[in-house]
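From first to last, the protein sequence lines stand for chains A and B. Each residue of the first sequence is one higher than the one before, starting from 12 at the first, in this note's numbering. Each residue of the second sequence is one higher than the one before, starting from -10 at the first, in this note's numbering. For every residue, glycine included, the Cβ atom is placed at its ideal position computed from N, Cα and C.
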Amino acid sequence: MWVTLQITFLTLGLGLVLALPISFGQVYGNKWIKAFIAGYEKVLRSIPELVILFLIFYGFPRIGVRFSPFVAVVLGLGFRSSAYQSQIFRGAINSVSSAQMRAARSLGMTNLKGFINVVLPQAVRIALPPWTNEFTIVLKDSSLAYALGVTELLRQGGYIIATKYEPMLIYLTVAAMYFIVTLIINRGLGSVEKRLAIPGFDVKETVR
Amino acid sequence: MSENRVVLRVENLKKSFGDKEVLKGVSFDMNEGETKVIIGPSGTGKSTLLSCINMLVTPDEGKIWLEEEEVTSAKNINRIRQEIGFVFQDFGLFNHLTALRNVMVGLTKVKKVEKEKARELAMKELKRVGLEREAKMYPAQLSGGQKQRVGIARALAMQPKIILFDEPTSALDPELIGEVLSVMKNLAESGMTMLVVTHEMGFARTVSDEIIFMEHGHIVEQSAPEEMFKNPKNPRTKEFLFKLNELYGE
Chain A
12 MWVTLQITFL TLGLGLVLAL PISFGQVYGN KWIKAFIAGY EKVLRSIPEL VILFLIFYGF
72 PRIGVRFSPF VAVVLGLGFR SSAYQSQIFR GAINSVSSAQ MRAARSLGMT NLKGFINVVL
132 PQAVRIALPP WTNEFTIVLK DSSLAYALGV TELLRQGGYI IATKYEPMLI YLTVAAMYFI
192 VTLIINRGLG SVEKRLAIPG FDVKETVR
Chain B
-10 MSENRVVLRV ENLKKSFGDK EVLKGVSFDM NEGETKVIIG PSGTGKSTLL SCINMLVTPD
50 EGKIWLEEEE VTSAKNINRI RQEIGFVFQD FGLFNHLTAL RNVMVGLTKV KKVEKEKARE
110 LAMKELKRVG LEREAKMYPA QLSGGQKQRV GIARALAMQP KIILFDEPTS ALDPELIGEV
170 LSVMKNLAES GMTMLVVTHE MGFARTVSDE IIFMEHGHIV EQSAPEEMFK NPKNPRTKEF
230 LFKLNELYGE
C-alpha cells in the first residue's frame, strides 16, 4: 500500500510541476511554444501507459540511461499525467473571461498581478473537480508498476496469493483498498471544493 | 471651478487593425470637471478610442496626455492606468470576489492601501452608487444594473483623474438603464471628469457639456448638446440624429 501511495503522490507531483508551466505556455506562449506543447501532449496521450513504461525501463538503457523500476514508473506515469493535467489547467485558465483580465489591467495591474489575483483563484476552483478525477486515475494506474516488478499493492497481493492460495479473497481485498483510497481522495478534495465554493460560481456547471 | 485646466489631451490619434483603419487622426481635449459624450454609428472606432486612451489598445500614431504626463510614451503605464478609470460594457467584474472586494482589490493590490482603510474607502464608493447593502454579494447574485454600479464604484475607488465609460448601459435591460445613468449623472454633477461612449441621447442631452459625433474614424462634429441637437452643421450628423430620433422618438 505504501509503495502504491508513493507512486501515486510522486507521479501526481511530477505531473503537476510539469503541467503548470506547460499550461502557461499553452495559453500565453508564442506559436512555437504552443506547437511544441501540442505535439508533446498528443504523443503522450496517444501511447498506452504500459508502452511508455516499457520504453523508459527497457528501451532507455540501450541509449545508456538506466532507471530503477520505481523511478521508471514515476517518470513514465508522471509525464503522461502532465499531459492530462496541463489540459485541465489550460481549460480552467481559458474559462476565466478575458474581460476580467482587461478590467484588472485597467486598474493598473501587471499581467502577472492580474493572473495571480483574478485568473488563478477562479481557475483553481474550475480545475479542482477534473483534477480530483486525474488523482484517482493516477492511483489506479500505479498498479501498472506491477509490470516492471515494483512491489506495489497489486504485486503484494500476488505474493500473498502464492503462499495462501486465496485469489478471490485477496484480490477483493486489493480492490477494496483501491476503492477506499479513491473514496478518501474524493471526499477530501470534495470538501476542499465545498470550502472554496462561491455563490453563482457553479464549478460543476462550468466543467461539463 | 477651474474650467480650463486640461485633464486629457488627445492629438491626432490613429489606429489600424490589419488594413482597416479604425481611427484616422482623432484630436480633442477634456477640461477638468467636464463630461463629454461620444456618439456615432457602431464600428466607427468609439470604443477603440477609449481603449487607446489607457493603452489597453496601443495606438499606431498620435499622442495622449493625462495632465502634464504623456501617456503614449510612458515607461510605467500601470501607474497611469490607476489614474484613468474604465467602465466596461460587459462590467468586467471579478466573479470570485464580493462587490466590496471587487472595489477593494485595486486599492490593496495596486495602490497598496492597507486593508482596513481600503475597506472603508470601498464602502464609501459603494454607498455613493447606492449599493452598501449589496457589499457582501457576489457578481452572480447582482442584477446587471447593480453589476455596472459596482464597476463604477471600482473605478471611483482608485481616485482617478478621469473615468472612461464604454457603452456602460448597452448590455442592460431597459428597466435597469435608469439606475446606472442616474449614478453617472450624480458623478458628473459632483465634478468628475467623464468621457462617455453611449447611445443614450437623453443622457447626452441633459448631462454632457459637449457631444462628439464620430464616424468612420473621424470626429465629424463637436459641440454643446443644444447646438448639436437643434442645429447640427454636418449633414451626416443631421442624418444620424434623425435616425436616432426615429428609433427612440425623442
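First and last residue of the uninterrupted beta strand (DSSP E) at residue i
i	result
residue -6 of chain B	Premise fails: residue -6 of chain B is in no beta strand (DSSP E) and is neither H nor E.
residue 74 of chain B	73 to 76
residue 40 of chain B	That residue, residue 40 of chain B, is in no beta strand (DSSP E); its alpha helix (DSSP H) goes 35 to 42.
residue 153 of chain B	151 to 155
residue 127 of chain A	Unbroken run through residue 127 of chain A: none, as it is neither H nor E.
residue 201 of chain B	199 to 204
residue 10 of chain B	9 to 20
residue 209 of chain B	207 to 212
residue 25 of chain B	24 to 28
Interface partners of residue i on chain B, CB under 8 angstroms
i	result
residue 206 of chain A	The premise fails here: residue 206 of chain A is roughly 14 angstroms from chain B at the closest Cβ pair, so nothing lies under 8 angstroms.
residue 113 of chain A	45, 77, 81
Spatial neighbours of residue i in its chain, beta-carbon cut-off 7 angstroms, leaving aside the 5 residues before and after
i	result
residue 12 of chain A	164, 188
residue 26 of chain A	89, 92, 93, 96
residue 20 of chain B	-8, -7, -6, -5, -4
residue 233 of chain B	190
residue 109 of chain B	none
residue 134 of chain B	161, 165, 168, 169
residue 192 of chain A	150
residue 115 of chain B	88, 89, 92, 121, 124, 142
residue 236 of chain B	none
residue 222 of chain B	210
residue 105 of chain A	38
Opening and closing residue of the alpha helix (DSSP H) in which residue i lies
i	result
residue 130 of chain B	Where residue 130 of chain B is concerned, there is no enclosing alpha helix (DSSP H), given that its DSSP letter is neither H nor E.
residue 19 of chain A	13 to 39
residue 52 of chain A	42 to 57
residue 202 of chain A	178 to 207
residue 174 of chain A	164 to 175
residue 221 of chain A	Lying outside 12 to 219, the shown extent of chain A, residue 221 of chain A is not represented and no answer is given.
Rounded distance between the beta-carbons of residue j and residue i, thought under 8 angstroms
i	j	result
residue 92 of chain A	residue 162 of chain A	That pair is no contact at about 22 angstroms.
residue 128 of chain A	residue 94 of chain B	6 angstroms
residue 86 of chain A	residue 67 of chain A	6 angstroms
residue 185 of chain B	residue 26 of chain B	5 angstroms
residue 9 of chain A	residue 211 of chain B	Outside the shown range of chain A (12 to 219) lies residue 9 of chain A, about which nothing can therefore be said.
residue 41 of chain B	residue 48 of chain B	4 angstroms
residue 22 of chain B	residue 182 of chain B	6 angstroms
residue 111 of chain A	residue 81 of chain B	6 angstroms
Own chain, CB closer than 8 angstroms to residue i, minus 5 neighbours either side, in chain order
i	result
residue 7 of chain B	none
residue 205 of chain A	none
residue 138 of chain B	118, 119, 120, 168, 169, 172
residue 48 of chain A	33, 36, 37, 40, 97
residue 120 of chain A	128, 129
residue 155 of chain A	60, 61, 64, 84, 88
residue 45 of chain A	36, 37
residue 116 of chain A	122, 125
residue 184 of chain A	168
Listed by chain order, chain B residues near residue i by CB distance under 7 angstroms
i	result
residue 117 of chain A	43, 45, 70, 75
residue 203 of chain A	Within 7 angstroms Cβ-Cβ: nothing; residue 203 of chain A doesn't reach chain B, min ~15 angstroms.
residue 124 of chain A	98
residue 128 of chain A	94, 98
residue 132 of chain A	85
residue 110 of chain A	77, 79, 81
Own chain, CB closer than 6 angstroms to residue i, minus 5 neighbours either side, in chain order
i	result
residue 86 of chain B	none
residue 54 of chain B	-2
residue 216 of chain A	For residue 216 of chain A, the predicted structure reports a pLDDT of 43, less than 50, and the residue's modelled location is therefore unreliable. A value from the coordinates is still provided. Here the set comprises nothing.
residue 155 of chain B	36, 39, 77, 78, 186
residue 171 of chain A	181
residue 142 of chain A	99
residue 207 of chain A	136
residue -10 of chain B	In this prediction, residue -10 of chain B scores a pLDDT of 47, lower than 50, which makes its location untrustworthy; no coordinate-derived value is stated.
residue 52 of chain A	94
8 angstroms Cβ cut-off: residues of chain A touching residue i
i	result
residue 124 of chain B	Correct list: empty, because the minimum Cβ distance to chain A is about 14 angstroms.
residue 147 of chain B	118, 119
Chain B contact residues for residue i, given Cβ-Cβ distances below 9 angstroms
i	result
residue 120 of chain A	67, 70, 94, 95, 98, 99
residue 138 of chain A	By Cβ distance, chain B contributes nothing, its closest Cβ being about 13 angstroms from residue 138 of chain A, past 9 angstroms.
Heavy atom of the ligand GDP within 8 angstroms of residue i beta-carbon
i	result
residue 176 of chain A	Questions concerning the ligand GDP fall outside what the structure shown contains, since it holds no ligand whatsoever.
Chain C contact for residue i (CB, 9 angstroms cutoff)
i	result
residue 34 of chain B	Absent from the structure is chain C; the protein chains it does hold are A and B.
*Output the residue ranges of the alpha helix (DSSP H) runs that lie fully inside the region 67 to 99 of chain A and measure 4 residues or longer, sorted by chain position.*
none
*Just list the alpha helix (DSSP H) runs in the region 101 to 154 of chain A, keeping only unbroken ones of 4 residues or longer that don't cross its boundaries, in chain order.*
109 to 117, 122 to 125, 131 to 152
*In the region 137 to 196 of chain B, which residue ranges form an unbroken beta strand (DSSP E) of at least 3 residues, counting only runs that do not cross its ends?*
151 to 155, 183 to 186
*Kindly provide the ranges of any alpha helix (DSSP H) runs that are 4 or more residues long and lie completely inside the region 45 to 108 of chain B, ordered along the chain.*
66 to 70, 88 to 94
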